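The structure is reproduced here in structure tokens:
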């Protein structure tokens with residue numbers, strides 16, 4: 524049985540990092556990344572621990588194995604990783620519903636991943652439902668970015684309720700910034 528919960532111990536952070544390594548674009552063939560999707564940012568255990576202290580992330584576990592995660596990144600850790608810093612900067616300058624986003628409370632999904640053998644089983648929606656239930660009282664919006672090449676991830680996010688609100692050029696690639704309005 525799969526359990527959706529917040530990270531509670533260091534071994535779960537190690538499980539996140541292992542799953543991340545298995546799905547990094549640099550560790551996948553172009554064909555596999557095109558079909559299965561991929562993650563781009565590589566986070567150290569030290570950085571995952573900083574994220575955890577700012578706000579524990581959401582994981583899916585089967586027994587003791589982390590099979591999915593949705594990382595919580597709030598503004599307090601924005602300058603701890605270059606990719607996140609750039610994303611927060613672009614988000615802050617984006618207008619949505621007549622407001623500049625730097626003036627509203629939002630949380631960033633620092634990364635989302637589901638183990639290959641667990642895809643197509645509704646884990647993205649389950650983790651995002653749990654994510655929202657845990658964080659909706661503190662944040663108006665949930666925001667992340669997705670490489671436009673990562674079609675599988677964009678489809679999953681749009682199905683969850685995210686909408687594309689902006690684009691970002693980074694490292695010669697185009698990214699969609701997507702927002703999920705919580706209230």
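Residue numbers (the numbering used here): 524 to 706.
We put the CB at the ideal spot given by N, CA and C, even for glycine.
What you are looking at is a predicted structure, and each value in this text was computed from that prediction instead of being measured.
{"Query": "What are the start and end residues of each continuous alpha helix (DSSP H) run of 4 or more residues lying completely inside the region 613-699, in chain order?", "Result": "646-658, 674-683"}
{"Query": "Within 10 Å of its beta-carbon, does residue 654 have 16 or more other beta-carbons around it, so buried, or fewer, so exposed?", "Result": "buried"}
{"Query": "Between residue 610 and residue 632, how many whole angstroms is the CB-CB distance? I'm expecting something under 8 Å.", "Result": "Not really, about 10 Å apart at Cβ, beyond 8 Å."}
{"Query": "Going along the chain, which residues of its own chain have a beta-carbon closer than 7 Å to the beta-carbon of residue 686, five neighbours each way excluded?", "Result": "701, 702"}
{"Query": "Apart from the five residues on each side of it in sequence, which residues of its chain come closer than 7 Å, Cβ to Cβ, to residue 699?", "Result": "668, 669, 671, 677, 687, 690"}
{"Query": "DSSP three-state call for residue 592: helix, strand or coil?", "Result": "strand"}
{"Query": "Following the continuous beta strand (DSSP E) through residue 581, name the residue where it begins and the one where it ends.", "Result": "581-585"}
{"Query": "With a Cβ-Cβ cutoff of 9 Å, do residue 613 and residue 535 count as a contact?", "Result": "no"}
{"Query": "What ranges does the alpha helix (DSSP H) occupy inside the region 536-563, keeping only unbroken runs of at least 4 residues that lie completely in it?", "Result": "553-559"}
{"Query": "Please classify residue 635 as buried or exposed, where buried requires at least 16 neighbouring CB atoms within 10 angstroms.", "Result": "buried"}
{"Query": "Take every Cβ of the region 538-545, pair it with every Cβ of the region 600-607, and state whether three or more of those distances are shorter than 8 Å.", "Result": "no"}
{"Query": "Along the beta strand (DSSP E) that carries residue 528, what are the first and last residues, could you check?", "Result": "525-529"}
{"Query": "Do you know how far the Cα of residue 570 is from the Cα of residue 543?", "Result": "13 Å"}
{"Query": "Which residue marks the beginning of the alpha helix (DSSP H) containing residue 572, and which one marks its end?", "Result": "568-577"}
{"Query": "Would you list the residues sitting across from residue 703 in a DSSP beta bridge?", "Result": "665"}
{"Query": "For the putative contact between residue 706 and residue 663, defined by C-beta atoms under 8 Å, what is the C-beta separation to the nearest angstrom?", "Result": "6 Å"}
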